[in-house]
Structures are given as structure tokens and as C-alpha cells.
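Chemist: The working numbering puts the sequence shown at residues -11 to 360.
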Amino acid sequence: MSLSISQFTTWDDVKIEVFIKFKEKMQSNLPTYFPETIEDYKKFLHPSSAFANDYQWSGFLVHENNVVVGKAILTWRNGSRVGNLGFIDWENKPSVALLLTNKIEAYAKTMNLREIKTPVDMNFFVRYRIKCKGGGAPYYGEPIYPDYYHDLFKVAGYKVVGTWDTYLVKRFSTFTNLMKKRKKLKERHHPFYDQVKVRFIKVSDWDNEIRIVHRLFMESFSGMPEFEPITFEQFKLVYDDFKYLIHPLLSYIVELDGVPVGFSINYPDPLEILSKIKYKKVSKLGKLLLLAKLRLNFKTLLMPYMGKTKGPRGEEVKGVFLKISKMLTCGVVVANRGLICYQSPDSPSKRPMDPELVEEYAKYVLYGKNLE
-11 MSLSISQFTT
-1 WDDVKIEVFI
9 KFKEKMQSNL
19 PTYFPETIED
29 YKKFLHPSSA
39 FANDYQWSGF
49 LVHENNVVVG
59 KAILTWRNGS
69 RVGNLGFIDW
79 ENKPSVALLL
89 TNKIEAYAKT
99 MNLREIKTPV
109 DMNFFVRYRI
119 KCKGGGAPYY
129 GEPIYPDYYH
139 DLFKVAGYKV
149 VGTWDTYLVK
159 RFSTFTNLMK
169 KRKKLKERHH
179 PFYDQVKVRF
189 IKVSDWDNEI
199 RIVHRLFMES
209 FSGMPEFEPI
219 TFEQFKLVYD
229 DFKYLIHPLL
239 SYIVELDGVP
249 VGFSINYPDP
259 LEILSKIKYK
269 KVSKLGKLLL
279 LAKLRLNFKT
289 LLMPYMGKTK
299 GPRGEEVKGV
309 FLKISKMLTC
319 GVVVANRGLI
329 CYQSPDSPSK
339 RPMDPELVEE
349 YAKYVLYGKN
359 LE
């Protein structure tokens, strides 16, 4: 066995194509895998990318007898001491994992990085976390990798530094649970509850709506340890396609005195629909039919993004999530099931989970390593 490793720090079409083909080799059997293109990588790594002025990166390829057996890209924000190790795939060989991570860590130290977190593709908002073994059926966007990736991270000395849970909502308990909360409200009225208003996301005014959501995201999640700020242009690049996925009657902006103070982005799981066309070219008519199918799809309601911030005068606004829960109740009951996705202990949307309402569905972790 002859292992070797190469590194590149500037955009290279040929090497990125190698990345794309190797990921397909490692992940194409996963239900959440979708084919990648060079354009997908250009969004984040090309010199003309909206991320180019704020991030540096370096790619790594491991070969065994001239055949690719591992790859990854280390990225880091200018001025940061934390590197994000992502776009990572490797064959189930500890020797490959050790060679790849040792090379990356040595290089990271020369860049004055003190810590590495993985798997993180570029940024907190792009893709991070890895699903633990087991759990419920996959859903769209879930960070699933082959199970043995966990073992290789541990072989390379990486430890769990973050945890998340997805919960399955017990469909027929939602109304009962909501009534209980309303009764508690009467007994102990929440300040500002009556002034908090919920409105639908206006897909027809997407650019302005996503600007509001970007601000609320930044303010809501800034205290989380994995958080890294991104500009509106970068945020829009990552989330612009969500205007086709979200359901306009199931995603909301929460306002106090007309000022946005919270948000909830939700959508029916499109995995089954999109999986049927992932290797096909879709015509303009086909895209219109696809959008119609997505709008009429209610098999599983995903609730992945929710947050709140302070009111227009700096006040702590109560009742935001209760208002959202009232709106979502109908969506959960109409759908066959609902999933509250990616709840972490320090999440701004973390609530006590009533065992009568939800049950654990899947777990996720983030790995890290201190380089000092």
C-alpha cells in the first residue's frame, strides 16, 4: 500500500471534479445524496464567490496507488483561530484518516489556527453536523454520512463538541398540548403576548423577506458556540433556493409593534419528490409541475429554523414561540407527521420538550480538536 497526499490552495476545475466524483462514490447510496456540480463549489470557493474576501481555504486529496481514497477542504474566516474541516469523505481506512487529518492539522497550525471543527462545509449556515447511527427515516437536508465516518473521526483524535436532536411531533397530541399552554397563559399572562403578531412569509417579496430573516438569524444565533457571521449576500447565496421549498402558509415572521422579532421557517419534506428527478434534466414545464407538487406535498412537515430577538426598545418579548405553535398546529395535524429539527441545548428556540407531545427521532454531533 502506497499512500500519498496532495494539497491545493487556489481554484482548480480538475481537482474539484475529482472531489465531486469521489463524493458520489462514497455517498451516492445514501438517500439524502444529490449530485453536485462545479457550480455548487464555485458558490463558496471560487475567487468570484461572495465568500472569497472573508474566507481562506485549502483542499487536500489522499491517494492510494494513484487512486483517490480521501478528500477534504479546510476553511477558515479571516482573523479566526477556528478552522472548519468539511467537504470530507474517506474510505473506511484508519491510515487514510490519520494521514489526511495529520496533514490538515499541521497546515492549520501554520495558519495560526488553534482548533478544528468537523464536519463543517465552509460555515455554520452552509452545512455542519453529522447524523449519529440509527434514528428515524432520512429527510431532506439531513447531514447524513456513512456510519463509519464517526469511527474515523475518533481514530483521528476528534471528540464530540456539540450535540443536536430532532424530535417527532405526536400528531394527535398537538391540539391538547396547545390548549394546555393557553390555559397556563390565562393563569400567568405573558408580557407582550397580545401585542405579538404573526404573519406569513411573503414569497412574492422574497428578497426583502430574506433580508429580515438574515437579521433575525444573526441576532438569534450569535450566542451559539458554532456560530459564524455571514453577510446578507452570503446568506442569500446559501438560502435563496428555499423560496421554492418553503410553504408560504407554514413559514412566519413574528412582529411586535410592526417590528420583526422572531421567525419560523418550515416546509414539507421534499426528499421523496426531489429524489425522483435528481438524475434528470427538468424542462420549464417540468419545473412548474415540480413546484406544484412541492406546494401540495404534506407527508412530513419539517420545522428546522426558528429564532427570536429582542423587541424594538430592547425588551425581552414573551409568547413568540407560543404564537408560532398556534400557527403550526394546523400544519402538523394536516401532515402525516412533523419533525422539529436540530434542537441543541443552547439553541435560542430550545423549549422543554413535553414527552406527551414529542419523541426523540434522531441525534447529531459535531467533532472538534484542540491543536494547542
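Positions of the beta carbon are idealized from the N, C-alpha and C atoms, including for glycine. Note that this is a predicted model, so its numbers are computed, not measured.
Leaving out the 5 sequence neighbours to the left and right, which residues in its chain are closer than 7 Å to Thr(-3) when beta-carbon positions are compared?
Modeler: Locating residue -3 in the sequence shown gives position 9, where the first residue counts as 1. Answer for Thr(-3): Ser46, listed in chain order.
Chemist: Which residue from Met110, Ile92 and Met294 puts its Cα closest to that of Asn100?
Modeler: For the purposes of this step, residue 100 is identified with residue 112 of the sequence shown, where counting begins at 1. The shortest C-alpha separation from Asn100 is found at Ile92.
Chemist: Within 10 Å of its beta-carbon, does Glu348 have 16 or more other beta-carbons around it, so buried, or fewer, so exposed?
Modeler: In the sequence shown, counting from the first residue as 1, residue 348 sits at position 360. The residue in question, Glu348, is exposed, as its Cβ has fewer than 16 Cβ neighbours within 10 Å.
Chemist: Alpha carbon to alpha carbon, how far is Met14 from Ile76?
Modeler: Sequence index remark: in the sequence shown, residue 14 carries index 26 (1-based). Sequence index remark: in the sequence shown, residue 76 carries index 88 (1-based). Their Cα atoms are separated by approximately 10 Å.
Chemist: Can you tell which of Ser37, Asn66, Val55 and Leu225 has the C-alpha that lies nearest to the C-alpha of Ser(-10)?
Modeler: As a position in the sequence shown, residue -10 is number 2, starting the count at 1. Comparing Cα positions, the closest option is Val55.
Chemist: With a 10 Å radius around its C-beta and 16 neighbouring C-beta atoms as the bar for buried, classify Val270 as buried or exposed.
Modeler: Locating residue 270 in the sequence shown gives position 282, where the first residue counts as 1. Exposed: under 16 other Cβ atoms inside 10 Å.
Chemist: Can you find the residues in the same chain that come closer than 7 Å, C-beta to C-beta, to Tyr127, ignoring five residues on each side of it along the sequence?
Modeler: Stepping through the sequence shown from its first residue, residue 127 is reached at position 139. Once the five neighbours on either side are set aside, the close Cβ partners of Tyr127 are Asp257, Leu259, Thr288, Leu290 and Leu327.
Chemist: Going by Cα to Cα distance, which pick from Pro236, Tyr137, Asp193 and Gln183 is closest to Pro82?
Modeler: Within the sequence shown, residue 82 is the residue found at index 94, counting from 1. Considering only alpha carbons, the answer is Tyr137.
Chemist: Trp64 to Thr219, Cα distance in whole Å?
Modeler: Here the question's residue 64 lines up with position 76 in the sequence shown. Here the question's residue 219 lines up with position 231 in the sequence shown. Rounded to the nearest angstrom, the two C-alpha atoms are 15 Å apart.
Chemist: Looking only at its chain, what residues have a beta carbon closer than 8 Å to the beta carbon of Lys121, apart from the 5 residues adjacent to it on each side?
Modeler: Locating residue 121 in the sequence shown gives position 133, counting from the first residue. If we look at Lys121 and ignore the five residues flanking it on each side, its Cβ neighbours are Asp135 and His138.
Chemist: Using C-beta distances below 7 Å, list every residue in its chain close to Asp245, excluding the 5 sequence neighbours before and after it, in chain order.
Modeler: Against the sequence shown, residue 245 aligns to sequence position 257. Contacts found: Gln183 and Pro300.
Chemist: Evaluate Tyr267 with the Cβ neighbour count: other Cβ atoms within 10 Å of its Cβ, from every protein chain shown; 16 or more gives buried, anything less gives exposed.
Modeler: The residue given as residue 267 occupies position 279 in the sequence shown. Exposed is the call here.
Chemist: Can you give me the C-alpha to C-alpha distance between Tyr293 and Ser37, rounded to a whole angstrom?
Modeler: Taking the first residue of the sequence shown as position 1, residue 293 is located at position 305. Taking the first residue of the sequence shown as position 1, residue 37 is located at position 49. C-alpha separation (whole angstroms): 25 Å.
Chemist: Within 10 angstroms of the Cβ of Lys296, are there 16 or more other Cβ atoms? Answer buried if so, exposed if not.
Modeler: Translated into positions along the sequence shown, residue 296 becomes position 308. The residue is buried, with at least 16 neighbouring Cβ atoms inside 10 Å.
Chemist: Between which two residues does the alpha helix (DSSP H) harbouring Ser208 extend?
Modeler: By 1-based counting over the sequence shown, the position of residue 208 is 220. It spans Trp194 to Phe209 - the alpha helix (DSSP H) in which Ser208 sits, taken as one unbroken run.
Chemist: According to DSSP, is Gly307 part of a helix, a strand, or is it coil?
Modeler: Taking the first residue of the sequence shown as position 1, residue 307 is located at position 319. Note: Gly307 maps to coil in three-state DSSP.
Chemist: May I ask you to report which of helix, strand or coil DSSP gives Thr369?
Modeler: Examination of residue 369 is not possible in this model, given that the chain is present from -11 through 360 alone.
Chemist: Measure the CB-CB distance between Arg102 and Asn358 and report whether it falls below 8 Å.
Modeler: As a position in the sequence shown, residue 102 is number 114, starting the count at 1. As a position in the sequence shown, residue 358 is number 370, starting the count at 1. For Arg102 and Asn358, yes; Cβs fall inside 8 Å.
Chemist: Measuring only the C-alpha atoms, how far is Ser313 from Phe209?
Modeler: Translated into positions along the sequence shown, residue 313 becomes position 325. Translated into positions along the sequence shown, residue 209 becomes position 221. Between Ser313 and Phe209, the C-alpha separation is close to 20 Å.
Chemist: Assign Leu316 to one of two classes, buried (16 or more other C-beta atoms within 10 Å of its C-beta) or exposed (fewer than that).
Modeler: As a position in the sequence shown, residue 316 is number 328, starting the count at 1. Buried, since its Cβ has 16 or more Cβ neighbours within 10 Å.
Chemist: For Tyr255 and Ser239, what's the separation of their Cα atoms in angstroms?
Modeler: Translated into positions along the sequence shown, residue 255 becomes position 267. Translated into positions along the sequence shown, residue 239 becomes position 251. Rounded to whole angstroms, Tyr255 to Ser239 spans 7 Å at the Cα level.
Chemist: What are the boundary residues of the alpha helix (DSSP H) that includes Gln361?
Modeler: Nothing can be reported for residue 361: it is not among the residues displayed for the chain, which extend from -11 to 360.
Chemist: Between which two residues does the beta strand (DSSP E) containing Gln222 stretch?
Modeler: Sequence index remark: in the sequence shown, residue 222 carries index 234 (1-based). Note, Gln222: premise wrong, no beta strand (DSSP E); alpha helix (DSSP H) at Phe220 to Tyr227.
Chemist: Leu284 and Phe251 - do their beta-carbons sit closer together than 8 Å?
Modeler: As a working mapping, residue 251 is identified with position 263 in the sequence shown. As a working mapping, residue 284 is identified with position 296 in the sequence shown. No. Outside cutoff.
Chemist: Cβ of Leu282 within 8 Å of Cβ of Ile261?
Modeler: Start at 1 with the first residue of the sequence shown, and residue 282 comes out as number 294. Start at 1 with the first residue of the sequence shown, and residue 261 comes out as number 273. Yes, the pair counts as a contact, with Cβ atoms nearer than the cut-off.
Chemist: Would you say Leu354 and Arg187 are within 8 Å of each other, going by their C-beta atoms?
Modeler: In the sequence shown, residue 354 corresponds to position 366, counting from 1. In the sequence shown, residue 187 corresponds to position 199, counting from 1. No, Cβ-Cβ distance for Leu354 and Arg187 is not below 8 Å.
Chemist: So, Asp109 versus Gly74, is the Cβ gap smaller than 8 Å?
Modeler: As a first step, residue 109 is located in the sequence shown; it is residue number 121 there, counting from the start. As a first step, residue 74 is located in the sequence shown; it is residue number 86 there, counting from the start. The answer is yes: Cβ separation under 8 Å.
Chemist: Considering only C-alpha positions, which residue in the set Ile198, Gly123 and Val346 is nearest to Pro248?
Modeler: Translated into the one-based positions of the sequence shown, residue 248 becomes position 260. For Pro248, the nearest C-alpha among the options comes from Ile198.
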